[in-house]
Amino acid sequence: MAEEEAPGQVAIWEQYKLPFLILAFGLLILIVGLRIFLYYHSKPQLSFSASESTASAQMATSVTVDISGAVEKPGLYTLPSDSRVQDALDKAGGLSSQADQEWVGRQLNLAQKLTDGSKLYIPKKNEIRSTKAETPQVAGTVVTATGTSVNINTASEKELESLPGIGEVTAAKIISNRPYQSVDELLSKKILNKTTFEKNKGVLVTY
């Protein structure tokens with residue numbers, strides 16, 4: 001019985017062999033095309049994610065500072081986040097021959113850590129007028145050619161309380177909300193009201 005059915009099965013195969021092969025070949029092309037499509041459309045997304053992660057990691061581990069005045073190469077520099085003032089000066093080629101070495105030795109804290117977006121200015125010889133009394137630098141103050149400023153990132157509670165309109169409670173709030181990238185954050189974080197901020201913004205710095 002099986003021998004009688006065999007020729008019939010062969011005939012059916014011969015009849016439908018070509019359509020079957022065409023269908024199988026078309027299916028194979030469809031699968032390969034789909035895999036290629038998915039590969040090339042997923043690759044840019046992975047690349048973007050990797051770039052984004054790299055950029056975020058770089059931002060978290062570096063700071064950019066503006067160095068100007070009596071240095072060999074003034075400009076913007078990006079350094080590791082744990083860098084000090086001395087590192088910034090080295091990056092700018094060191095002090096120029098016009099730098100006020102006495103001011104640097106007495107007033108500049110070379111060990112102070114840098115913060116992102118800060119500015120470092122080195123005065124030239126005789127730039128600071130002798131009529132302006134020089135105040136010894138402490139942790140939270142920065143002496144520049146225009147006078148003494150208060151660094152809201154490093155100033156002590158006592159130094160902050162010496163400012164008009166700032167008492168013990170407000171000074172404590174300023175310290176507890178550190179670090180600051182800009183003095184404007186004292187307003188945006190609602191630490192100072194507008195009146196007190198306007199009175200003090202001329203002497204407040206973040207570097």
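Quick note, the sequence shown lines up with residues 1 to 207 if you use UniProt numbering. Built from N, CA and C at the ideal position, the CB exists for glycine as well.
Going by the CB atoms, is the gap between residue j and residue i shorter than 8 Å?
{"i": "Val71", "j": "Ser96", "result": "yes"}
{"i": "Gln107", "j": "Arg84", "result": "no"}
{"i": "Gln98", "j": "Lys124", "result": "yes"}
{"i": "Ile166", "j": "Asn177", "result": "no"}
{"i": "Lys158", "j": "Val183", "result": "no"}
{"i": "Val104", "j": "Ile122", "result": "yes"}
{"i": "Glu161", "j": "Ala171", "result": "yes"}
{"i": "Gln120", "j": "Ala88", "result": "The amino acid at residue 120 is misidentified as Gln; the sequence shows Leu. Yes, Cβ-Cβ distance for Leu120 and Ala88 is below 8 Å."}
{"i": "Lys189", "j": "Pro164", "result": "no"}
{"i": "Asp82", "j": "Gln181", "result": "no"}
Assign residue i to one of two classes, buried (16 or more other C-beta atoms within 10 Å of its C-beta) or exposed (fewer than that).
{"i": "Thr61", "result": "exposed"}
{"i": "Pro80", "result": "exposed"}
{"i": "Val205", "result": "buried"}
{"i": "Thr195", "result": "exposed"}
{"i": "Ser118", "result": "buried"}
{"i": "Ala11", "result": "exposed"}
{"i": "Tyr39", "result": "exposed"}
{"i": "Ile152", "result": "buried"}
{"i": "Gly93", "result": "exposed"}
{"i": "Ile29", "result": "exposed"}
{"i": "Ile22", "result": "exposed"}
{"i": "Tyr77", "result": "buried"}
{"i": "Asp90", "result": "exposed"}
So, with DSSP's three-state summary, where would you put residue i?
{"i": "Ala139", "result": "Confidence at Ala139 is low in this model, with a pLDDT of 42, below 50, so the placement of that residue should be treated as unreliable; the coordinate-derived value is given next. Residue state, collapsed to three classes: coil."}
{"i": "Leu110", "result": "coil"}
{"i": "Leu76", "result": "strand"}
{"i": "Leu95", "result": "strand"}
{"i": "Arg84", "result": "strand"}
{"i": "Thr64", "result": "strand"}
{"i": "Leu192", "result": "coil"}
{"i": "Tyr180", "result": "coil"}
{"i": "Lys125", "result": "coil"}
{"i": "Asn200", "result": "helix"}
{"i": "Gly167", "result": "coil"}
{"i": "Gly26", "result": "helix"}
{"i": "Gly105", "result": "helix"}
{"i": "Gly69", "result": "strand"}
{"i": "Phe20", "result": "helix"}
Could you tell me how far apart the beta carbons of residue i and residue j are, in whole angstroms, since I believe they sit closer than 8 Å?
{"i": "Val63", "j": "Leu114", "result": "5 Å"}
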